[in-house]
Ligand code: SF4
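Residue numbers (this note's numbering): 19 to 212.
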């Protein structure tokens with residue numbers, strides 16, 4: 019498989035529709051759309067991080083140490099990405115902590131959940147430590163922090179998705195459509211997607 023690495027953001031695209039990967043990587047047609055998710059940058063994120071202060075992390079999440087803006091990569095799983103924070107918890111495990119410019123609506127979004135799982139997968143490997151949960155901070159819901167539990171099958175599913183993405187890119191495999199037809203309505207690839 020060589021030294022190919024996909025980004026965590028590729029998995030988010032794949033979750034939206036597997037064909038995005040084909041059009042972007044195999045046909046080299048970039049998206050003509052704003053990203054569907056907002057990425058927080060620089061100062062904005064810094065200000066919010068200050069609000070979610072050390073006391074909160076220590077008291078509510080039993081965090082004993084944290085590292086900011088960590089670039090992670092895994093040769094084993096062929097994935098890379100930058101996580102907002104890695105928390106080291108009192109029970110000896112580590113956990114990704116991710117900020118989202120979004121509201122929390124009843125459950126954690128599937129994309130946010132899998133993003134957290136992918137960071138968890140890489141943290142396990144890079145820090146050689148157990149990772150069984152992650153945290154997502156919803157900025158537009160008054161910085162609510164939600165815990166995402168990671169089960170073995172979550173990691174297995176994430177690895178399967180990575181492998182499916184690699185197959186599309188490396189073998190030019192044309193994947194199935196998204197099962198949510200509504201997503202096709204304003205998709206930038208709808209004219210070429212058959
Ligand atoms: S038109 Fe629909 S199936 Fe095709 S790429 Fe867009 S979302 Fe996916």
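Glycine included, each C-beta is placed from N, C-alpha and C at the ideal position.
For clarity, every value in this text was computed on a predicted model and none was experimentally measured.
Note to self: Taking the straight line between their C-alpha atoms, what separation do you get for residue 85 and residue 63?
What the structure shows: 14 Å
Note to self: With a threshold of 7 Å (Cβ to nearest heavy atom), would residue 129 be considered close to ligand 1?
What the structure shows: no
Checklist line | residue 46 Cβ short of 7 Å to ligand 1 heavy atom set | finding: no
Next item on the list: Kindly provide the ranges of any beta strand (DSSP E) runs that are 3 or more residues long and lie completely inside the stretch 59-132, ordered along the chain.
Entry: 81-92, 97-107, 112-118
Item checked: Rounded straight-line distance, which links the Cα of residue 27 to that of residue 207 -> 18 Å
Next item on the list: Would you list the one or two residues that DSSP bridges to residue 199?
Entry: DSSP lists no partner for residue 199.
Checklist line | Check whether residue 118 and residue 157 have beta carbons under 8 Å apart | finding: yes
Check: Thinking just about the alpha-carbon of each residue, which of 37, 109, 116 is nearest to the one in residue 102?
Finding: 116
Check: From what residue to what residue does the beta strand (DSSP E) around residue 34 run?
Finding: Premise fails: residue 34 lies in the alpha helix (DSSP H), 26-34, not in any beta strand (DSSP E).
Next item on the list: Alpha carbon to alpha carbon, how far is residue 180 from residue 96? Give it in angstroms, no decimals.
Entry: 8 Å
Next item on the list: Compute every distance between the C-beta of residue 201 and the non-hydrogen atoms of ligand 1, then say whether any falls below 7 Å.
Entry: yes
Note to self: I'd like the list of long-range same chain contacts for residue 83, defined as Cβ closer than 7 Å, with 5 residues on each side in sequence excluded.
What the structure shows: 106
Check: Quick one: is residue 81 buried, meaning 16 or more other Cβ sit within 10 Å of its Cβ, or exposed?
Finding: buried
Checklist line | residue 99, buried or exposed, once every other Cβ within 10 Å from all chains shown has been counted against 16 | finding: buried
Item checked: Residues that residue 164 bridges to, as DSSP identifies them -> 154
Notebook entry, point to check: Hey, out of 133, 120, 125, whose CA is closest to residue 113's CA?
Noted result: 133
Note to self: I need the straight-line Cα distance from residue 108 to residue 164, nearest angstrom please.
What the structure shows: 18 Å
Notebook entry, point to check: CA-CA distance, residue 204 and residue 162?
Noted result: 31 Å
Next item on the list: Put residue 148 into one of helix, strand or coil per three-state DSSP.
Entry: coil
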